[in-house]
Amino acid sequence: MGVFSRMGDIINSNINSMLERAEDPEKIARLIIQEMEDTLIEVRTAAARAIADKKHVARKLAKFQAAENEWAAKAELAVTKGREDLARGALQAKSKAAAMVDILQNEMKIIDEAIEKAERDMGKLQDKLDEAKAKHKALLIRSNTAQNRLRVRESVADHKIEDALSRYASLERKVDELEAQADAFDLNQGKSLESQFVELEDQEGIEKELSLLKSRLAKKSAPAQTKSAAKA
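Right under this line is the structure:
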């Protein structure tokens, strides 16, 4: 279905208003341009036909005008020769030629008006077509600009996200390293404490064993000392 129902709609159209109401202005602009170009071709074709018709009518008009003049001259000749009968016939033929001249002149007038109207319409259509093309170009520029801005923003957003993720990953690695160092320190510290306790336990065992040894030796030396004292 076309955007316009007749040529007058195109000439009297408000392109800005049509595009503002459209859901897809760029698409409507393309349709408007296409219909205007098609209509302009039709008007030019009609104007070309009218010009061709004018040439044809002009040839016929010239023919009947010449016939009218010719029969008028013949009527005069017949009168001068005393041939009123021939003069009457010539005048009748002249009258018919004159009638055709009137008809063809009216037809020429109609054709001239049609050609003039076609030329005016073509001028208005061309102006509207130029306006529509300018609007379409502006829409394309705005659309491309908006898309480029969106791509730039998306790119910047992606870059920011990637940068944030990268920094987060780096921070996470640092935390992992610190935790690993802490675990390693705790592990080493744990081994050191354990070895100290082992040493303490070993020393305690040695002290106990030494004490037992002293006790046994003391018990053994006690009877010998008693016997020595008795002998004395």
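Note that the numbering used here has the sequence shown beginning at -5, numbered continuously upward. Where a beta carbon is used, it is the ideal one built from N, C-alpha and C, also for glycine.
Item to check | A44 vs I105 beta-carbon contact at 8 Å | outcome: yes
Item to check | Beta-carbon separation (whole angstroms), K68 vs A84, contact threshold 8 Å | outcome: With a contact defined as Cβ atoms closer than 8 Å, K68 and A84 qualify at about 4 Å.
Checklist entry - Residues in its own chain within less than 6 Å of M94 by CB, not counting five upstream and five downstream? => result Take M94, set aside five residues on each side of it, and the residues of its chain with a beta-carbon closer than 6 Å to its own are F58, in chain order.
Item to check | Exposure of D115, with buried meaning 16 or more beta-carbon neighbours within 10 Å | outcome: buried
Checklist entry - Does the Cβ-Cβ distance between A23 and K129 come in under 8 Å? => result yes
Checklist entry - What separation, rounded to the nearest whole angstrom, lies between the Cα atoms of R82 and A72? => result 9 Å
Checklist entry - When the distance is taken between beta carbons, is E20 closer than 8 Å to L134? => result yes
Next on the checklist: Let me confirm a value: L55 is counted as buried when at least 16 other C-beta atoms fall within 10 Å, else exposed. Which label applies?
Outcome noted: buried
Checklist entry - Under 8 Å between the Cβ atoms of I27 and K131? => result no
Item to check | CB contact flag (A41, A61, <8 Å) | outcome: no
Item to check | Expected contact under 8 Å - CB spacing of A108 and V37 to nearest Å | outcome: Incorrect: roughly 11 Å between the Cβ atoms, too far for contact.
Next on the checklist: Pop quiz: K88 and A66 are said to be a contact at Cβ under 8 Å. What is the actual Cβ separation, rounded to whole angstroms?
Outcome noted: 5 Å
Item to check | Whole-angstrom distance between S160 and N142, CA atom to CA atom | outcome: The alpha-carbon separation between N142 and S160 amounts to approximately 26 Å.
Next on the checklist: Within a Cβ cutoff of 8 Å, which residues of the same chain sit near R77, ignoring the five residues on either side of it in sequence?
Outcome noted: none
Checklist entry - By DSSP, does G76 sit in helix, in strand, or in coil? => result Coil at G76, not helix or strand.
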